[in-house]
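Worksheet for the structure shown next.
Numbering (this note's numbering), first residue to last: 1 to 483.
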């Protein structure tokens with residue numbers, strides 16, 4: 001019981017301190033050692049050097065290329081003006097009278113194409129302000145609108161998304177980014193449909209009450225002197241991705257959209273056709289990790305698609321970059337903090353998983369699952385994502401500790417690895433967006449609003465409706481399997 005109390009104390013302190021803005025890069029090892037102090041016969045230094053560090057290092061080794069290429073591609077889209085061109089193009093086609101839908105779709109197209117959600121928030125916010133002000137929709141709905149398009153169905157549900165949340169399960173389950181596409185599409189429709197209906201209803205209620213846009217200072221708060229404080233909690237450096245000045249003229253909509261299309265199409269072709277056709281027998285050799293193609297092809301596909309799309313973007317928009325070297329440097333630098341923050345959470349989870357008390361927690365979650373591996377997997381991932389305030393962090397902790405176990409349970413129950421993959425990804429997108437989540441804190445900072453003003457609607461579109469989609473996905477997967 002003392003060991004279990006230590007685990008709960010460490011988790012509670014992690015949540016509270018992260019919400020207060022303390023970097024999880026520091027909190028991960030410190031809270032891991034706090035939990036270890038309460039466990040009997042658990043040496044502190046060995047827990048840090050032999051458990052925490054190998055787990056954190058393994059995560060960096062495995063996923064650094066995805067963080068690096070994703071951040072660089074996002075910065076290229078930002079500095080070339082392509083991200084803003086796509087957002088404005090969608091707005092022009094839908095019209096100002098569909099302000100909420102236009103912002104949601106603009107965010108969705110960008111994030112589904114591999115652009116960082118932070119870059120998307122910075123790029124879309126000024127457009128959302130103009131649209132909402134023109135349509136007299138309350139500004140307090142802007143954060144939830146951006147969150148619906150950037151934090152939900154394109155991050156976890158749509159098959160093929162290059163988001164890190166869709167990449168992390170691949171080595172564990174031997175799957176691709178397009179795992180269980182039918183289940184993913186169902187989840188995406190639920191999240192999008194319920195979220196859009198909620199926001200439209202809230203806007204209609206506000207109009208009936210005569211609320212209007214409101215009086216606000218519409219400068220993004222993240223550009224002010226305190227933006228570094230905001231970025232510390234979010235796990236990235238806002239100064240590295242926030243544009244210092246608007247680009248000189250925007251590229252045509254079709255040209256701006258081309259790299260996004262390349263990411264999606266090439267990702268599918270590489271993962272489903274090109275890479276499986278290669279002779280990769282050498283992967284069984286010890287010098288290449290004695291692994292299998294299924295363990296790496298998903299990651300290889302995302303690396304290839306982002307690399308080609310980034311090269312295409314540079315070629316198409318060469319003259320639009322004021323300083324290409326600086327763009328590439330800033331994108332690369334912006335990738336470091338997010339991956340090390342996530343790795344710190346992975347190390348924290350590895351230490352927790354090595355403690356005797358963790359077995360009790362696992363048993364409790366399995367009991368809640370009622371013998372259904374999909375239910376217990378969904379609960380474990382969602383709870384850990386909520387505890388850490390991080391979709392990728394919670395997922396990584398769960399899979400590092402329980403991934404092999406769920407592969408065995410799934411095989412015994414006749415559950416396809418693709419179903420385990422999709423349930424895992426959709427499960428990350430619920431409790432991760434609680435108030436202490438770094439992306440939520442940063443989004444509110446960009447919009448210059450408080451939790452009290454805007455979080456209720458964020459909760460509905462980024463927590464409540466994704467959990468509803470998760471319940472439906474688990475139910476369908478239990479009844480019908482993968483589709």
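Idealized CB from N, CA, C, for every residue including glycine.
In this text the structure is predicted, and so the values were computed from the model without any measurement.
By a beta-carbon distance limit of 8 Å, residue 33 contacts residue 44. Their separation comes to about 6 Å. At a Cβ-Cβ threshold of 7 Å, residue 144 and residue 457 count as neighbours.
A buried status is given to residue 52, since no fewer than 16 other beta-carbon atoms sit within 10 Å of its beta-carbon.
For residue 175, the secondary structure class from DSSP, reduced to helix, strand or coil, is coil. Looking at the backbone, the Cα of residue 278 and that of residue 178 are separated by about 19 Å. Contact between residue 461 and residue 195 is confirmed by a C-beta separation of about 4 Å, below the 8 Å threshold.
Inclusion of residue 142 and residue 132 in the CB contact set at 7 Å is warranted, their separation being smaller than that value. In this structure residue 2 is exposed. Its beta-carbon is surrounded by fewer than 16 other beta-carbon atoms within 10 angstroms. DSSP places residue 472 in the uninterrupted alpha helix (DSSP H) bounded by 465 to 480. Excluding sequence positions up to five before and after residue 339, its CB lies within less than 7 Å of the CB of 60, 63, 64, 67, all in the same chain and listed in chain order. A buried status is given to residue 75, since no fewer than 16 other beta-carbon atoms sit within 10 Å of its beta-carbon.
With distances taken between CA atoms, residue 449 lies nearest to 140 out of 121, 31, 73, 140. DSSP, read as helix, strand or coil, puts residue 74 in helix. Taken atom to atom, the span from the alpha-carbon of residue 421 to that of residue 211 is near 43 Å. Residue environment analysis places residue 265 among the exposed positions, since fewer than 16 neighbouring C-beta atoms fall within 10 angstroms of its C-beta.
With 16 or more neighbouring CB atoms inside 10 Å of its own CB, residue 320 falls in the buried class. The beta carbon of residue 342 sits closer than 6 Å to those of 392, 393, all from its chain and outside the five residues before and after it, given in chain order.
Residue 175 is positioned such that its CB atom lies no closer than 7 Å to that of residue 165. Contact holds between the segment 366 to 374 and the segment 399 to 415, because three or more Cβ pairs, one in each stretch, are under 8 Å apart. Shortest Cα-Cα distance from residue 173 to any of 442, 438, 11, 410 involves 410.
The alpha carbon of residue 125 has as its nearest neighbour, out of 107, 135, 305, 151, the alpha carbon of 107.
Annotation: residue 467 to residue 287 spans about 42 Å, alpha carbon to alpha carbon.
Membership of residue 207 in the alpha helix (DSSP H) is indicated by the continuous run 181 to 208. Across the structure, residue 378 and residue 472 are spaced so that their CA atoms are roughly 12 Å apart. Assigned with DSSP and collapsed to three states, residue 137 falls in coil, not helix or strand. In the three-state reduction of the DSSP assignment, residue 113 falls in the coil class. Excluding the 5 residues flanking it on each side, residue 357 has same chain C-beta neighbours closer than 6 Å at 3, 4, 7, in chain order.
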